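In what follows, a structure is listed as structure tokens, so that the remarks can point back to it.
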Amino acid sequence: METKDWTPTIRVHALASKVLVVASTRIEGTWAAYCDAVPGDNHEVESIAVLENGGKLMEEVARVLFPIFEELPYAH
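In case it helps, my numbering puts the sequence shown at residues 1 to 76.
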């Protein structure tokens, strides 16, 4: 697979209506999760801002929220 064809896997988890945690895979085969407050109007759109500006979660917390990524290493 060429890198130009790669797209990340993104998952969104709402901790509350105005707090999102968003996880995304990275091209090197790792993943990370980020958390931030959002307006709560459109989680799909707001998740992009969380990935760009949110605080990175500790691996232990991220793994509890996103077990789908259990086989992948967490980005440090």
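Don't be surprised by glycine CBs; every beta carbon is placed ideally from N, CA and C. Since the structure is predicted, the reported quantities are computational estimates derived from the model, not experimental observations.
Grab the span of the alpha helix (DSSP H) containing residue i for me, first residue to last.
| i | result |
| --- | --- |
| V64 | 59-65 |
| L72 | Premise fails: L72 is in no alpha helix (DSSP H) and is neither H nor E. |
| V22 | Looking at the DSSP string, V22 is not in any alpha helix (DSSP H); the run it does join, the beta strand (DSSP E), is 19-25. |
| E46 | 43-53 |
State yes or no: is the C-beta of residue i within less than 8 angstroms of the C-beta of residue j?
| i | j | result |
| --- | --- | --- |
| A32 | V21 | no |
| T30 | L57 | no |
| P39 | R26 | no |
| V19 | H43 | no |
| A75 | A23 | no |
| D36 | G55 | yes |
Taking the continuous beta strand (DSSP E) assigned at residue i, which residues delimit it?
| i | result |
| --- | --- |
| I10 | 10-16 |
| D36 | 31-37 |
Using beta carbons (cut-off 8 angstroms, strictly below), is residue i in contact with chain D?
| i | result |
| --- | --- |
| L20 | Among the protein chains of the structure shown there is no chain D, as only one such chain exists. |
When the Cβ atoms of the stretch 61-69 are set against those of the stretch 40-52, are three or more pairs found closer than 8 angstroms?
Judged by pairs of C-beta atoms under 8 angstroms, the stretch 61-69 does not touch the stretch 40-52, as fewer than three such pairs exist.
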